[in-house]
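Participant:
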Amino acid sequence: MPRILITGAAGFLGSHLCDRFIAEGYEVVGMDNLITGDVRNLEHLFPKQEFTFYNQDVSNYIHVSGPLDYILHFASPASPIDYLKIPIQTLKVGSLGTHNCLGLAREKGARILVASTSEVYGDPSVHPQNEEYWGNVNPVGPRGVYDEAKRFQEAITMAYHTYHGLETRIIRIFNTYGPRMRLNDGRVLPAFIGQALRGEDLTVFGDGSQTRSFCFVDDLVEGIYRLLHSDYPHPVNIGNPSEITIRDFAEEIIKLTGTSQKVVYKDLPKDDPTQRRPDITKAKEILGWEPKVARAEGLKITYEAFKQLPDEVLYKQEHRDFERYVRK
Ligand code: UDP
């Protein structure tokens, strides 16, 4: 039975990855310090013999006993408001946390896949974004702590590959959604669905002409699974190229939820990228991968899951007071 360590296991993506690798017959070691993760995402796995959970901060020295064949490094805050609220932890987990994972991979002789992001492209001047584009990042802006940590992560991962011959994989993840996203983490999709469920107006930032391209989580997990088992060490974009403006996205959520609320416009956060869409030519060629789940279908599944959440989650303040965090 192959054994895999997944950092950020209690998070949105981490927990879906744990499910997938358990289903594929792996022994899974999940690690999380629960700053932004939630153990409830893993509760159903605790009775399983093939699953172990370590409550550890990957930015500190980590120890995992026994052999490891693979490591997936998915620990990181992943919402713009988190970056403002916990900037130092965000920097540390992308840099020191990655260094620790690479060191562990070397010691265990494991192959490692690190979760990078479309944020390495910053506010892109090339559209759609392909892997050859170097990006347009403001290092000292509010997103700099995430973007630069992830850029460093790619650099150190490549260095371990070229200098130590470590088997490494780098995925650049574009906006992804699905069940188990934190409802009030400030990201646009849970924000809109949460607002609709609470009977609040939907808050569009700026004039809503900025675009994003949303990928359903099952498609992303399939892409990760294929990339891990490929022999390709360079970065690969995984995301859904179907692009939409945030204003139109709000309208889709209004239709989906049947809410009688309307759209209200708020200030655009600093350095908010104006457009984002992955060029997935590489993923198609190298992994034979492309997304299968259309937005209408994925949104329906996600909405059904969010409807089941208890009121204590639905009404939890967390980042709903986002204005406190938006730096002008
Ligand atoms: N956004 C919005 N209303 C919200 C939350 C986000 O209009 O309540 C916008 C945000 O300004 C950005 C887009 O939606 O342009 C996606 O934001 P998110 O935080 O989900 O992720 P990003 O892709 O910016 O990292």
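Quick note: the sequence shown uses our numbering, first residue 1240, plus one each step. Glycine included, every Cβ here is placed at the ideal spot set by N, Cα and C. Nothing here was measured: the structure is a model prediction, and the numbers come from that model.
1) Using C-beta distances below 8 Å, list every residue in its chain close to Gln1328, excluding the 5 sequence neighbours before and after it, in chain order.
2) Taking 8 Å as the cut-off, does the region 1446 to 1460 touch the region 1476 to 1489 (at least 3 CB pairs, one atom from each stretch)?
3) Under 7 Å between the Cβ atoms of Ile1432 and Thr1356?
4) What do you reckon, are the CB atoms on Thr1246 and Ala1314 nearer than 7 Å?
5) How is Ala1522 classed by DSSP in three states: helix, strand or coil?
6) Using a Cβ-Cβ cut-off of 8 Å (strictly less than) and excluding sequence neighbours within five positions of Ala1533, which residues of its own chain qualify?
7) What does DSSP give as the partner residue(s) for Val1460 in the beta ladder?
8) What is the DSSP secondary structure of Glu1263, reduced to helix, strand or coil?
9) Starting from Ile1483, follow its DSSP beta bridges and name the residues at the other end.
10) Would you kindly work out how many angstroms separate the C-alpha atoms of Arg1486 and Met1240, rounded to a whole number?
11) Contact defined as beta carbons within less than 8 Å: I believe Ile1492 pairs with Leu1441. What is the distance between those atoms, to the nearest angstrom?
12) Sort Phe1290, Gly1462 and Gln1500 by Cα distance to Pro1262 and report the nearest one.
13) So who's on the other strand from Thr1415, going by DSSP bridges?
14) Quick one: Cα of Lys1523 to Cα of Leu1352, how far?
15) Decide if Ala1394 is buried, meaning its Cβ has at least 16 other Cβ atoms within 10 Å, or exposed.
16) Checking the sheet assignment: what are the DSSP bridge partners for Tyr1293?
17) Spatial neighbours of Leu1507 within its chain, please: CB distance less than 7 Å, with the 5 preceding and 5 following residues excluded, ordered by chain position.
18) Pick out whichever of Thr1496, Lys1521 and Thr1407 has its Cα sitting closest to the Cα of His1312.
Facilitator: Looking at the atomic coordinates:
1) Beyond the five residues adjoining it in sequence on each side, Gln1328 comes within less than 8 Å, by CB distance, of Ile1274, Ser1298 and Pro1316 in the same chain, given in chain order.
2) The region 1476 to 1489 makes contact with the region 1446 to 1460, as at least three CB pairs between them are under 8 Å.
3) Cβ distance not < 7 Å, so Ile1432 and Thr1356 don't count as in contact.
4) Closer than 7 Å, so yes.
5) Here Ala1522 carries a helix assignment [DSSP, helix/strand/coil].
6) Taken in chain order, the residues that qualify are Ser1481.
7) Residue pairing by DSSP places Val1460 in no beta bridge whatsoever.
8) It is coil, neither helix nor strand.
9) Ile1483 is bridged by DSSP to Arg1451.
10) For Arg1486 and Met1240, the gap between their C-alpha atoms comes out near 47 Å.
11) So it is a contact: roughly 7 Å between Cβ atoms.
12) The sequence given here places Ala at residue 1262; Pro does not occur at that position. Taking each of Phe1290, Gly1462 and Gln1500 in turn and checking the Cα distance to Ala1262, the smallest one comes out for Phe1290.
13) In the DSSP output, where bridge partners are listed per residue, Thr1415 has Cys1454.
14) Between Lys1523 and Leu1352, the C-alpha separation is close to 18 Å.
15) Exposed is the label assigned to Ala1394, since fewer than 16 other Cβ atoms lie within 10 Å of its Cβ.
16) The partner list for Tyr1293 (beta bridge, DSSP) reads Met1270.
17) Sequence-distant Cβ neighbours of Leu1507 in its own chain, meaning closer than 7 Å and more than five residues away, are Phe1444 and Gly1445.
18) The shortest C-alpha separation from His1312 is found at Thr1407.
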